[in-house]
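The structure appears below as structure tokens.
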Amino acid sequence: NHADVLKHTVQSLIIESLKEKDKPFLYLDTHAGAGRYQLGSEHAERTGEYLEGIARIWQQDDLPAEL
Numbered sequence: 245n246h247a248d249v250l251k252h253t254v255q256s257l258i259i260e261s262l263k264e265k266d267k268p269f270l271y272l273d274t275h276a277g278a279g280r281y282q283l284g285s286e287h288a289e290r291t292g293e294y295l296e297g298i299a300r301i302w303q304q305d306d307l308p309a310e311l
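The sequence shown begins at 245 in the working numbering and counts up one residue at a time.
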């Protein structure tokens, strides 16, 4: 869904920032889903949330580099 697009974008930017520091860090996702799966799979089609999230921006040419 659209919130996941925002969440994953922010997570990626934070992790990239933390990697620039000279100290180790730990990232633990306590609400992780099934991980990688095909968006046309039964699992993804069950709710169709991706249609209001990543599917809405796939074809956009004018997205910021962070997306």
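Every residue gets a Cβ at the ideal spot worked out from N, C-alpha and C, and that includes glycine. Remember, it's a predicted structure, so these values are computed and weren't measured experimentally.
Give the range of the alpha helix (DSSP H) segment to which residue i is assigned.
i	result
A299	I298 to I301
H287	E286 to E289
L257	H246 to K263
Between residue i and residue j, what straight-line distance do the alpha-carbon atoms span, to the nearest angstrom?
i	j	result
K263	L257	10 Å
L295	W302	10 Å
V254	P308	13 Å
E289	P268	38 Å
G297	D305	16 Å
CB-CB under 7 Å to residue i, same chain, minus the five flanking residues each way: which ones, in chain order?
i	result
A299	none
H287	A278 and Y281
Who are the near neighbours of residue i in its chain, counting only those whose CB is closer than 6 Å to its CB and skipping five residues on each side?
i	result
E293	N245
Y271	none
A252	Ala is not the amino acid found at residue 252; the sequence shown has His there. For H252, where only same-chain residues beyond five positions count, there are no Cβ hits under 6 Å.
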